[in-house]
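Enquirer:
In our numbering, the protein residues as written are 3 to 477.
1) Quick one: what does DSSP say residue 267 is sitting in, helix, strand or coil?
2) For residue 1, count neighbouring Cβ atoms within 10 angstroms of its own Cβ and tell me buried if that reaches 16, exposed if not.
3) Looking only at its chain, what residues have a beta carbon closer than 6 Å to the beta carbon of residue 208, apart from the 5 residues adjacent to it on each side?
4) So, under 8 Å CB-CB, residue 379 and residue 441 are touching, yes? Tell me the CB distance rounded to an integer number of Å.
5) Quick check on DSSP: helix, strand or coil for residue 473?
6) Per the DSSP calculation, residue 253 is bridged to which residue(s)?
7) Does the beta carbon of residue 358 sit closer than 8 Å to a beta carbon anywhere in chain D?
8) Rounded to a whole number of angstroms, what is the C-alpha to C-alpha distance between residue 377 and residue 355?
9) Specify the secondary structure class of residue 238 as computed by DSSP and reduced to three states.
10) Tell me the DSSP secondary structure of residue 467 in three-state form.
11) Would residue 191 be called buried (16 or more neighbouring beta carbons within 10 Å of its own) or exposed?
12) Helix, strand or coil for residue 176? Go by DSSP, reduced to three states.
13) Apply the 10 Å Cβ neighbour rule to residue 417 and answer buried if 16 or more other Cβ atoms are within range, or exposed otherwise.
14) Given this structure, state the Cα-to-Cα distance separating residue 31 from residue 256, to the nearest angstrom.
15) With distances taken from CA atoms, which of 130, 342 and 219 is nearest residue 368?
16) Among all the DSSP beta bridges, which residues are the ones paired with residue 388?
17) In its own chain, which residues sit with a C-beta less than 7 Å from the C-beta of residue 304, not counting the 5 before and 5 after it?
18) Where in the region 337 to 367 do unbroken runs of the beta strand (DSSP E), each at least 3 residues long, occur, reported from the N-terminal end onward?
19) Within 7 Å: the Cβ of residue 421 and any heavy atom of the ligand COA?
20) Counting Cβ pairs closer than 8 Å, one from the region 102 to 110 and one from the region 128 to 139, do we hit at least three?
21) Does DSSP put residue 457 in a helix, in a strand, or in coil?
22) What distance in whole Å lies between the Cβ atoms of residue 55 and residue 38, which are believed to be in contact at a cut-off of 8 Å?
23) Using only alpha-carbon positions, find the residue among 287, 351, 325 and 79 that is nearest to residue 306.
24) Roughly how many angstroms separate the alpha carbons of residue 234 and residue 69, rounded to a whole number?
25) What alpha helix (DSSP H) runs, 4 residues minimum, are completely inside the region 63 to 140?
26) Does residue 450 come out as helix, strand or coil in the three-state DSSP assignment?
27) Roughly how many whole angstroms lie between the Cα atoms of residue 468 and residue 395?
28) Do the CB positions of residue 336 and residue 361 come within less than 8 Å of each other?
29) Under 8 Å Cβ to Cβ from residue 325, same chain only, skipping five residues before and after it: list those, please.
30) What's the C-alpha gap between residue 227 and residue 196?
31) Would you identify the three-state DSSP class for residue 327, choosing helix, strand or coil?
32) Taking the continuous beta strand (DSSP E) assigned at residue 380, which residues delimit it?
33) Give the single residue among 333, 299 and 308 whose Cα lies nearest to the Cα of residue 315.
34) What separation, rounded to the nearest whole angstrom, lies between the Cα atoms of residue 457 and residue 449?
35) Could you spell out the range, first to last residue, of the beta strand (DSSP E) harbouring residue 42?
36) Are the CB atoms of residue 62 and residue 80 nearer to each other than 8 Å?
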């Protein structure tokens with residue numbers, strides 16, 4: 003009987019391993035130019051939207067797109083249907099300067115895609131006649147552009163933080179009241195404007211803004227915070243029916259409304275900050291160690307939980323369980339960086355946290371969840387042991403794509419890589435439980451499985467990949 007049970011368990015493990023190799027589709031786009039995806043989202047029809055940036059010339063949907071001026075980064079936004087078919091591609095940019103997309107969100111019941119970013123050229127063309135001018139070319143001004151999701155046509159474009167300083171947004175989300183909330187930073191000696199009558203002066207090396215717009219893109223309110231180190235950042239935010247959640251990094255001191263965050267040993271720490279719908283702080287949880295540890299995302303599951311995720315170098319990492327009450331468990335990095343993710347209640351109580359890593363440099367770049375399953379995108383550069391399976395990168399750095407169930411039980415890990423440097427940058431889960439990983443690859447041949455590959459004709463520059471895997475691997 004015992005032998006039969008062992009055989010059944012073995013077959014189940016083999017079946018799970020095999021199922022997770024099932025790829026619905028893999029696709030890529032690129033060209034002789036440099037091309038990188040940075041953010042993604044998915045709508046209720048399982049269409050996916052990508053935002054990133056490119057230089058030189060790239061080909062999408064059989065059409066060549068050349069960056070304005072050629073040498074600087076332009077922004078791209080693209081849409082694919084649930085079967086991986088290309089639908090549209092949009093270019094945004096200013097001549098010979100770098101422009102970046104920093105965040106995106108769907109709004110108005112998926113009919114509009116809102117994107118925030120920064121442009122540094124004298125003027126930036128958003129399409130459909132929308133052009134924004136920079137008051138101090140060479141510095142960044144923060145923009146918001148809205149795009150019709152069906153056609154890819156620009157609906158509106160405006161500056162949301164501007165002046166002679168640097169202003170860059172970091173993330174955007176739509177809340178339950180159809181307001182847009184945005185976090186970002188500003189730095190410099192001059193005034194930063196949010197409207198002609200709303201301005202602030204930067205105090206210290208870098209300050210931070212948190213603002214809310216109504217559905218017509220009018221400013222409702224803006225909060226600002228200061229810090230005494232340029233490493234400080236409000237990097238990500240998410241929303242649920244109870245408020246807003248901001249994930250950030252603090253080094254030295256960061257002055258928030260309800261607490262001054264002071265990092266441990268002068269290193270960078272992670273934090274999760276909850277506010278109400280008016281931007282008033284409710285609670286803060288910190289993750290501290292003696293080395294530099296960086297937050298990447300705050301992610302809500304819409305079921306009363308929020309995830310904090312990032313990567314860490316500390317060998318003595320402590321995680322706040324409640325305010326000023328750290329978990330008794332200590333985490334330590336196995337290499338230069340390991341990935342980190344923690345699950346909290348919306349009241350700020352730690353439920354659990356997890357880490358994964360190798361002796362190399364391993365980084366989490368995105369965590370997404372549908373409540374039942376958690377998917378993680380990232381990179382790894384050394385042999386990594388996950389549930390007694392050893393993942394070994396094919397090249398120096400491979401993309402890492404991991405699936406967990408909601409209680410931190412590992413279901414599967416998929417290495418995506420080739421002979422070059424490859425990164426899984428972002429991920430989503432569709433309404434059917436299938437999961438999609440997107441990233442960037444230098445390798446001439448990228449392995450999505452042992453037998454399913456994509457090619458990069460110009461491996462001296464990066465191409466973008468999209469890989470969709472069958473839900474059987476997480477069912």
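Glycine included, each C-beta is placed from N, C-alpha and C at the ideal position.
Expert: Once the coordinates are examined:
1) helix
2) The structure shown does not extend to residue 1, since the chain is modelled only from 3 to 477, so the question has no answer here.
3) The residues are 187, 189 and 232.
4) 7 Å
5) helix
6) 270
7) Chain labels in this structure do not include chain D; a single protein chain is all it has.
8) 15 Å
9) Looking at residue 238 - three-state DSSP - the assignment turns out to be strand.
10) Assigned with DSSP and collapsed to three states, residue 467 falls in strand.
11) exposed
12) strand
13) By the C-beta density criterion, residue 417 is buried, having at least 16 other C-beta atoms within 10 angstroms.
14) When rounded, the distance between both Cα atoms is 40 Å.
15) Checking every option, the nearest Cα to that of residue 368 belongs to 342.
16) For residue 388, the pairing in a beta bridge is given by DSSP as 391.
17) 242 and 373
18) 340 to 347 and 352 to 358
19) Here there are no bound small molecules, and the ligand COA is not part of this structure.
20) No, the region 102 to 110 does not touch the region 128 to 139.
21) strand
22) 6 Å
23) Considering only alpha carbons, the answer is 351.
24) Going by the C-alpha atoms only, they are around 31 Å apart.
25) none
26) Residue 450: coil per DSSP, three-state reduction.
27) Straight across, the Cα-Cα distance linking residue 468 with residue 395 is about 19 Å.
28) yes
29) Cβ neighbours of residue 325 beyond the five flanking positions: 285, 286, 287 and 350.
30) 15 Å
31) Secondary structure of residue 327 (DSSP, three-state): strand.
32) 375 to 382
33) 333
34) 9 Å
35) For residue 42, the enclosing beta strand (DSSP E) begins and ends at 37 to 44.
36) yes
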